[in-house]
Each structure stands twice: as structure tokens, then as C-alpha cells.
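Going from the sequence shown to the numbering used here is simple: count from 1 and add 1206. Don't be surprised by glycine CBs; every beta carbon is placed ideally from N, CA and C. Source: prediction; values computed, not measured. To keep things clear, I will list the structure first and then write my remarks on it.
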Amino acid sequence: MTSRPHESSGGVHGTARVNIARQRRFWDRNARSWDHHAGDSPGLVKVVERVVAEGAPAAGERVVDLGCGSGQLALRIAPVVASVVAVDVSPTMIRLLEEKARAAGIANVEGRAVPIEHLDLEPGSVDLVVSNYVLHHLRDE
């Protein structure tokens, strides 16, 4: 199997694109509720701490958080690195992330509301890629 989530037998306008649109709608509709109920749950906190421990972000590094949601991981990493590009399919999640960053005085997080499959970064521009609770949302074809 290969992982080409932006392609499908239906072409560019086929099922994969519908999946992206469906995910965007779902998370836009449920962003605040999810953030309120799961945002600081013990399980999610444990996962975030594990990702941080395993990824070991360091001063000066440029980090990308794929499927950042409202920023639990991105905002945890931001104080110790040079910058974080936080990517999520949901513009509402990105707005929540930006609100939380402002409230916490964190200025080195750039939110991007774009599907992971369409993220465009310069080769060699990133030191560490992190993610949690997102890969199961991607199509494996």
C-alpha cells in the first residue's frame, strides 16, 4: 500500500477530496467542544508529554506539528524552540490555537489551516516533525 491521501480513483475531485472537506467540516463544528472536553484531559496530557520526551525539541529548532488541533502539543513545545508551524485542516482549530498562543504570550507559533497532504515547506527547513491523534484521519490507498 502507498500513502497518497490526495489522490483517488475519482481523480482530484474524488473521494479523498471529499474526505478532506468532511474532516474540515467536522472539526470546524466540534473544535470548541473538543478543546473544552479533551484539551487538558489526563490521557491527552500524557500523550503530549510522551511526544515531547521522544521528540526532544531543542533550542533553535524549527518544528512542524501536523494535525495540531487547538495547540496542545505546539504550545507545549513552542517555549523551547525557535519556531513552530502548526498545521490543521480546520480553520476553527487554528483560530483556537492562535487565541491560546496570544493569551499565553507565545509569539513563535504560525498556524496554517491546510490539509497535511497540501502542506508546502522548503526542503531542509524543518528540524523536527511531531504529531498526535492525527494519522488515523489520513487515507491510506
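In this structure Val1336 touches Val1269 by the C-beta definition: roughly 6 Å separates them, less than 8 Å. At a Cβ-Cβ threshold of 7 Å, Ser1276 and Arg1230 do not count as neighbours. In this structure, Ala1284 is the residue among Leu1327, Val1293, Ala1284, Asn1338 with its C-alpha nearest to the C-alpha of Ala1313. Taking the Cα positions, Val1258 is about 28 Å away from Arg1235. A residue is called buried when at least 16 other Cβ atoms come within 10 angstroms of its Cβ; Leu1302 meets this threshold and is buried.
Here Ser1289 carries a strand assignment [DSSP, helix/strand/coil].
Contact between Ala1292 and Ala1280 holds, since their C-beta atoms are separated by about 4 Å, short of 8 Å. Look at the stretch 1270-1322 and you find these whole runs of beta strand (DSSP E), each 3 residues long or longer: 1289-1294, 1315-1319.
By the Cβ neighbour-count rule, Gly1266 is exposed, with fewer than 16 other Cβ atoms within 10 Å of its own.
If you draw a straight line from the Cα of Val1332 to the Cα of Gln1278, it is about 20 Å long. The three-state reading of DSSP puts Leu1325 in coil, since its state is none of H, G, I, E or B.
One thing to note: Glu1328 has its Cβ no nearer than 7 Å to the Cβ of Gly1317.
Collapsing the DSSP output to three states places Ser1239 in a helix.
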